[in-house]
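What follows is a set of notes on a single structure, which appears directly below.
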Amino acid sequence: MYFTFKGFVITYFYVPLQKISDMNELNKTLKEEAINLGLCKQWTDMWNKNFSEQELINLFFEGIDFCISNRWPSAKFIKEKFSVDTLRQNNVLVDDKWSLINPVYAALIGNSECTIRYNGRVSGRVYVMEGVSVKILANNRSFVIVHSFGKTNIECKASDSATIKIIHHWVKSEVKKNGFVTELEELDYLRC
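Read in order, the letters of the sequence shown correspond to residues 5 to 196 in my numbering.
As structure tokens, this is what we get:
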């Protein structure tokens with residue numbers, strides 16, 4: 005009985021310790037890669053602890069300009085290190101087919117296909133990477149900004165006083181649009 009109980013305790017504590025070890029390694033790898041890509045001193049100093057999966061995803065959106073300009077982390081890396089469920093819960097799709105409703109932020113990466121619906125007085129920001137196919141439906145005074153990076157397939161429909169702004173970075177993609185949908189080039193956007 006003693007060995008069974010002790011065996012249970014060892015098994016019980018082993019799983020969380022393994023998870024902590026994996027997160028330590030993930031944080032170490034990401035921080036080293038980011039520094040090699042030119043991570044600024046402020047962010048390097050801030051990364052003085054090991055972040056949870058959720059905190060890392062929050063950092064991804066907070067520093068998304070750095071991530072996108074460096075095309076980092078890769079779609080392959082994200083798929084290997086984060087579960088599909090965790091990514092979906094945070095509106096990050098990597099080589100995935102999924103639908104989203106009223107996301108404040110969304111990142112679509114790889115060969116993802118997605119329909120995003122906005123309804124009501126809500127706003128959202130969508131980052132669409134090369135290879136993605138997305139359909140955005142905005143209604144009832146919602147406001148959506150879409151950042152398109154590379155050759156993407158975008159279809160937008162805005163109705164009932166909704167607004168969609170598409171900002172093309174790197175390459176202008178073809179957009180099917182219906183309603184109050186405007187397109188801007190990256191430099192035009194910076195002048196606003």
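Beta carbons: idealized from backbone N, C-alpha and C, even for Gly.
Check your understanding: Counting Cβ pairs closer than 8 Å, one from the stretch 102 to 117 and one from the stretch 40 to 60, do we hit at least three?
Key -> no
Check your understanding: In or out: S152 buried (at least 16 other Cβ within 10 Å) or exposed?
Key -> If you number the sequence shown from 1, residue 152 lands on position 148. Buried, because 16 or more other Cβ atoms sit within 10 Å of the Cβ of S152.
Practice item. Could you say if the stretch 85 to 102 and the stretch 183 to 192 meet the contact criterion of at least three C-beta pairs nearer than 8 Å? Key: no
Exercise for review: Starting from the Cα of H173, find the closest Cα among A79, S73 and K32 and give me that residue.
Suggested key: For this step, residue 173 is matched to residue 169 along the sequence shown. Ranking the options by Cα distance to H173, first place goes to S73.
**Study point:** Segments assigned alpha helix (DSSP H), at least 4 residues, entirely inside the stretch 64 to 146
**Key:** 68 to 73, 79 to 85 and 88 to 93
Review point. Within this structure, are the beta carbons of F55 and N31 separated by less than 8 Å?
Key: Translated into positions along the sequence shown, residue 55 becomes position 51. Translated into positions along the sequence shown, residue 31 becomes position 27. In this structure, N31 lies closer than 8 Å to F55 by Cβ.
Practice item. Please name the residue in E134, I171 and I140 whose C-alpha comes closest to that of G154. Key: Here residue 154 corresponds to residue number 150 of the sequence shown, with the count starting at 1. Nearest C-alpha to G154: E134.
**Study point:** Cβ neighbour criterion (16 or more within 10 Å) applied to T33
**Key:** Here residue 33 corresponds to residue number 29 of the sequence shown, with the count starting at 1. Classification for T33: exposed.
Exercise for review: Out of I82, N157 and K53, state which residue places its alpha-carbon closest to the alpha-carbon of T119.
Suggested key: Position 115 of the sequence shown, counting from 1, holds the residue named residue 119. Per the Cα distances, N157.
Review point. Do you know offhand how far L43's Cα is from D164's?
Key: As a position in the sequence shown, residue 43 is number 39, starting the count at 1. As a position in the sequence shown, residue 164 is number 160, starting the count at 1. Their Cα atoms are separated by approximately 42 Å.
Review point. For S177, which of helix, strand or coil comes out of DSSP?
Key: As a working note, residue 177 is residue 173 in the sequence shown. Note: S177 maps to coil in three-state DSSP.
Point to revise | Coil, strand or helix - S25 by DSSP | key: Here residue 25 corresponds to residue number 21 of the sequence shown, with the count starting at 1. S25: helix per DSSP, three-state reduction.
Exercise for review: Kindly indicate the opening and closing residues of the beta strand (DSSP E) around T156.
Suggested key: For the purposes of this step, residue 156 is taken as residue 152 along the sequence shown, with counting starting at 1. No beta strand (DSSP E) holds T156; DSSP gives it neither H nor E.
Check your understanding: What's the gap between the Cα of E190 and the Cα of I171?
Key -> Here residue 190 corresponds to residue number 186 of the sequence shown, with the count starting at 1. Here residue 171 corresponds to residue number 167 of the sequence shown, with the count starting at 1. Spanning the two alpha carbons is a distance of roughly 6 Å.
Review point. Nearest to P107 by alpha carbon, out of L141, N115 and T48?
Key: As a working note, residue 107 is residue 103 in the sequence shown. Ranking the options by Cα distance to P107, first place goes to L141.
Exercise for review: List the DSSP bridge partners of I170.
Suggested key: Numbered from its first residue, the sequence shown carries residue 170 at position 166. I170 is bridged to V150 and E187.
Check your understanding: Going along the chain, which residues of its own chain have a beta-carbon closer than 6 Å to the beta-carbon of S127, five neighbours each way excluded?
Key -> Within the sequence shown, residue 127 is the residue found at index 123, counting from 1. Only F147 meet the Cβ criterion.
Point to revise | Backbone CA spacing between A79 and K176 [nearest angstrom] | key: Your numbering for residue 79 matches position 75 in the sequence shown. Your numbering for residue 176 matches position 172 in the sequence shown. The alpha-carbon atoms of A79 and K176 are separated by roughly 22 Å.
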